[in-house]
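To keep things clear, I will list the structure first and then write my remarks on it.
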Amino acid sequence: MGESIIKLVGITKVFPGVVANDNVNLEIREGEIHAIVGENGAGKSTLMKIIYGLYQPTDGQIYIRGRLTNVTNPQVAIKNGIGMVHQHFMLVPSFTAAENLVLGSEPQKNGLFMDFDKAVKITKELSEKYGLYVDPYQKVEDLSVGIQQRIEILKVLYRGADILILDEPTAVLTPQESQELFAIMRRLVEDMGKTIIIITHKLQEVLEVSHRVSVMRRGKLVGTMDTRDATEQILAEMMVGKEVVFEKFHANQNIGEKLLEVRDLVVRDNRGFIAVDGVSFSIAAGEILGVAGVEGNGQTELVEALTGLRKLEEGSIFVKGRDMAKGSPSDFRRMGIAHIPEDRLKTGLAPEASVNENLMMGYQHKKPYEGLGMKLNKKAISQKTAQLIRQFDIRTPSGQTRVKSLSGGNMQKLVVAREFSFDSPILIIAQPTRGLDVGAIEFIHRLIIDMRDAGRAILLVSADLDEIFRLSDRIVTIYEGKLTGEFRTADVTKQEIGLYMTGKNLSTAG
Amino acid sequence: MKKLKLSQDLEYIFSLALSVILALIIGAIIILANGKSPFTAYAALINGALGSPYKIATTFAKTVPLILTGLATAVAFSSGIFNIGGEGQLYLGAFAAAYVGFTFTNLPGIAGIPLALIFAALAGGFYALVPALLKVKYGIDEVITTIMFNSIATLFTSYLANYPFASSVGKMGATEMIAPAYKLLRLVARSKLHTGIFYTALIALFIYYLMEKTSAGYDFKMIGSNPIFARYGGINAERNMVIAMIISGALCGIAGAFEVLGNHYRFLQAISPGYAFDGMLVSLIVKNNVLGVILMSIFFGMLKTGSIAMEYETAIPSELVLVIQSIIILFIAGEKGFANILRRIYAKEGAGQDV
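In order, the protein sequences belong to chains A and B.
Add 637 to the 1-based position in the first sequence for the numbering used here, that's all there is to it.
Add 22 to the 1-based position in the second sequence for the numbering used here, that's all there is to it.
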């Protein structure tokens, strides 16, 4: 393994309210496959975007081949031989593979027109040189995800990259496609002398393909080690950490009747693939069931199915004994399910609308807020919203303020205020504290515990294991749409859970 | 701090006013470049729009179709469904009103006129329903379908007016006259202002109430603001979009009916010079705000009426008004820029106060 090719010194990136990267020092050596692992929100992608020039660091230096470089934009990165394959492909579906490959630096004819024949020739040559076979004439929309990824990689190579950054390359691939990708990666490194940085959170992949591995957690680089010295156990521990930041809550003794029961649930994702694969569980009044898992393993689809936002493929959802298989979102709400969605800006709020308008969603057709002739009772509404703003400590200049101008923490408090105010017996809560500061996290955690003590049945989905451990009475782990384990929180360690949620022990739920 | 929402609205009103003023200044430069005085030209324009009862009446007569089609756009667009098919809905509404008017000739006006309006609203509403259903059931883009539906409706009504329902007096692309009882009363001598303006005022009031004061209006606006949020909150987005589209189509149909009942007294194959598109511009300029649509429609009505007087008195082509309208729209597209200028001025003042 060669010399240091990229060196990051003290890289810090601060977004409003969030420290995404905190004094990160990292060295990438020439000719290695360097894996960067960490939970979601650990700061991996931010760090890579800084190297690629998509973000500017708040502090710190980047050395490329020993030279201090100011990577102000991706062009600078490309000029320095750095290429990035994004998690979401940036291909034009109606263009052919060859057209996509050369897009942005097209070969030209007569100084004016694109030379299609040359593009095809380039594609063929590159394909052969790197052993990445694609049909230059096929349209991208007709190609599988694995092949699309090859085009992305070829595209980066076409632009002369020696250092390839692959952002979660296997997230969209089948296991076979992943194996092919690893073979390609090895060939690029061993035969072509390229350097590869791969971001992932699948520990088995790290052990299989990388030479060295760096672990990130909460914006900090926890450590770098040779992969041959690493085990899944060690990496999982580094990923989830050991320290307990918060005091523990008391357990609830009053477990009531079963309010929500899910049997053999099967749900498809937007692309039509099975995302939730035969999941069964139940939650009783006064109980929090935590769903631990790396994001993208079916949690989103599970939550959407449980709130009527996504159609079931198979199985049943019983709310207080009633089958909700064909329910609409408003049916679910009427039956007593409130929902804190994982993406507050996309789902939980209308950012362009006012605080009051966002708080009154769900009240507009209820008495006394709606009077005769569908007339809204402005007085009753403003009393209600003012009360919620006060009670949940939503810091806003006024109820008329547009939600998009609030801080993330106050947006989330708004969502929580509305959803908790309905007195719904069942709460489906996803990523309740993502991106929030410690104070807001504590506030929301206390509210959730209060709800539990008030006899609500709560499903908590979170990518933050600390959160799951702090709040849940029971924990299930989810991996590739299946529940891989079920535990009482008191009987299990974070490290064990970490292993189950990264795909170890793929057995049926206990 | 309390007036933040208000100040955001104020920001928009400020940018709008600035756009109008800049457009008028550019218009003035164009007039100057042609060797004329912008002051006399604009004086003639204002005088032509507001200088006498007759002129005011003419201005308001031009405002009626703008308000109706503008509101039609406002209702649909703020509900997140894009009705570009107003022109076709207007043609069908106009034909439906004419059909009632020349078929049920024995009805008295008090029954006949509402019947004609209802038929027009139904025709426009039904015609809007089809693309709305195609959108919510099959995800077919309503922008495309409604645009195509415009051609179908204008050509279909043209066929009706030329063949099955052609006027017995020669082939002129028009139907028979409606019965006299259907003709809306003219309000000012020689002007085309008819009692339709009162119906329009009532309709505008209703739409204002619907959109601003009711839970239905709230549902519409939340769907328009973030459809995913609306669905998540339990609103039936599909059903509400369809309803908004029907209301939108009905308003366009009524706009067509007034052209027949108050203006031409028969259906003509080219009865609208693109009113629905003018209304759409009006609504877009004011961000689909109901009050804004009414005020902006009156302003555009003034420009239209005044421009003819201006051309007559100063020999400046009335097309100048089109230039001014287009420049307003162009500037409004850059509204964010104006808002930023305003914010910077504010920031400077604020900084001054801090010291």
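Where is the CB? At the ideal position from N, CA and C, for every residue including glycine.
As the structure is a computational prediction, the values presented were derived from the model and not from experiment.
CB of residue i within 9 Å of CB of residue j, strictly
i, j, result
"T85 (chain B)", "F322 (chain B)", "yes"
"T197 (chain B)", "F104 (chain B)", "no"
"F187 (chain B)", "Y121 (chain B)", "yes"
"I106 (chain B)", "N172 (chain B)", "yes"
"S847 (chain A)", "H671 (chain A)", "yes"
"F756 (chain A)", "V739 (chain A)", "Sequence inspection shows Ala at residue 756 (chain A); the Phe mentioned does not correspond to that position. Yes, the pair counts as a contact, with Cβ atoms nearer than the cut-off."
"G192 (chain B)", "S180 (chain B)", "no"
"I1134 (chain A)", "I1095 (chain A)", "no"
"F969 (chain A)", "V899 (chain A)", "no"
"A679 (chain A)", "G856 (chain A)", "yes"
"V158 (chain B)", "E234 (chain B)", "no"
"I320 (chain B)", "I351 (chain B)", "no"
Of the listed residues the options, nearest to residue i (C-alpha basis)
i, options, result
"E164 (chain B)", "B:V282, B:V264 and B:G301", "B:V264"
"E341 (chain B)", "B:T236, B:G256 and B:I53", "B:I53"
"I229 (chain B)", "B:L67, B:T91, B:G70 and B:I47", "B:T91"
"L926 (chain A)", "A:E932, A:L897, A:L1013 and A:F910", "A:L897"
"Y204 (chain B)", "B:K214, B:L344, B:L283 and B:A150", "B:L283"
"F141 (chain B)", "B:I276, B:T327 and B:G246", "B:I276"
"S641 (chain A)", "A:G1092, A:N662 and A:F955", "A:N662"
"G720 (chain A)", "A:S1109, A:A888 and A:Y795", "A:Y795"
"L645 (chain A)", "A:H1082, A:R704, A:I871 and A:V674", "A:R704"
"A50 (chain B)", "B:G239, B:A63, B:L40 and B:S41", "B:A63"
"S1044 (chain A)", "A:D1090, A:L982, A:R1083 and A:K1004", "A:L982"
"K1050 (chain A)", "A:L1025, A:E1117 and A:R1089", "A:L1025"
"F242 (chain B)", "B:I250, B:L227 and B:A259", "B:A259"
"Y76 (chain B)", "B:G255, B:M324 and B:F61", "B:M324"
Closer than 9 Å to chain B by CB, residue i
i, result
"V881 (chain A)", "Low confidence applies to V881 (chain A): its pLDDT is 45, below 50, so where it sits in the model is not reliable, and the reading given next is rough at best. No, V881 (chain A) lies away from the interface with chain B (no Cβ there is under 9 Å from its Cβ)."
"G909 (chain A)", "no"
"A1023 (chain A)", "no"
"E1007 (chain A)", "yes"
"Q1049 (chain A)", "no"
"H1002 (chain A)", "yes"
"V656 (chain A)", "no"
"T937 (chain A)", "no"
"I1026 (chain A)", "no"
"P773 (chain A)", "no"
"K1012 (chain A)", "yes"
"A944 (chain A)", "In the sequence as displayed, the identity of residue 944 (chain A) is Thr instead of Ala. T944 (chain A) counts as touching chain B."
"R1032 (chain A)", "no"
"D828 (chain A)", "no"
"M997 (chain A)", "yes"
"E608 (chain A)", "With chain A represented from 638 up to 1147, any question about residue 608 (chain A) goes unanswered, as that position is not in the structure."
"L986 (chain A)", "yes"
"T649 (chain A)", "no"
"R1071 (chain A)", "no"
"S967 (chain A)", "yes"
"E778 (chain A)", "no"
"E869 (chain A)", "no"
"R905 (chain A)", "no"
"R849 (chain A)", "no"
Cβ of residue i within 9 Å of any chain A Cβ
i, result
"D163 (chain B)", "no"
"K243 (chain B)", "yes"
"S37 (chain B)", "no"
"L40 (chain B)", "no"
"I354 (chain B)", "no"
"Y254 (chain B)", "yes"
Distance between beta carbons of residue j and residue i, contact taken as under 8 Å
i, j, result
"L1085 (chain A)", "I1063 (chain A)", "For clarity, residue 1085 (chain A) is Ile in the given sequence; the question names Leu instead. Actually they are not in contact, since the Cβ atoms of I1085 (chain A) and I1063 (chain A) sit about 13 Å apart, beyond 8 Å."
"A119 (chain B)", "A133 (chain B)", "With a Cβ gap of about 14 Å, A119 (chain B) and A133 (chain B) do not count as contacting."
"F125 (chain B)", "S305 (chain B)", "Inspection of the sequence shows that residue 125 (chain B) is occupied by Thr rather than by Phe. The pair is not a contact, with the Cβ atoms about 33 Å apart (cut-off 8 Å)."
"L684 (chain A)", "I648 (chain A)", "7 Å"
Contacts that residue i makes with chain D (C-beta to C-beta distance below 9 Å)
i, result
"R855 (chain A)", "The structure shown contains no chain D; its protein chains are A and B."
Return the chain-ordered ranges of every alpha helix (DSSP H) run that is complete within the region 32-90 of chain B and spans a minimum of 4 residues.
-> Secondary structure in the region 32-90 of chain B: the alpha helix (DSSP H) runs of 4 residues or longer, each lying completely within the stretch, are 60-72 in chain order.
What runs of the alpha helix (DSSP H), each 4 residues or longer, lie entirely inside the region 659-716 of chain A?
-> For the region 659-716 of chain A, whole alpha helix (DSSP H) runs of length 4 or above, ordered along the chain, are 681-688 and 711-716.
Completely contained beta strand (DSSP E) runs for the region 795-880 of chain A, where each covers 3 or more residues = Whole beta strand (DSSP E) segments, 3+ residues: 800-804, 832-837, 849-854 and 857-863.
For the region 1086-1141 of chain A, list the alpha helix (DSSP H) runs that are entirely contained and at least 4 residues long, ordered along the chain.
-> For the region 1086-1141 of chain A, whole alpha helix (DSSP H) runs of length 4 or above, ordered along the chain, are 1102-1108 and 1131-1138.
Unbroken stretches of the beta strand (DSSP E), 3 residues or longer, contained in the region 714-775 of chain A | Counting only runs of 3 or more, we get 719-722.
Report the residue ranges of all alpha helix (DSSP H) runs contained in full by the region 277-328 of chain B; include only those spanning at least 4 residues, in chain order.
-> Entirely contained in the region 277-328 of chain B, the alpha helix (DSSP H) runs reaching 4 residues are, in chain order, 297-307.
Only counting runs of 4 or more residues, tell me where the alpha helix (DSSP H) segments fall wholly within the region 985-1073 of chain A, in order along the chain.
-> As far as the region 985-1073 of chain A is concerned, its whole alpha helix (DSSP H) runs of at least 4 residues are 992-996, 1015-1028 and 1045-1057.
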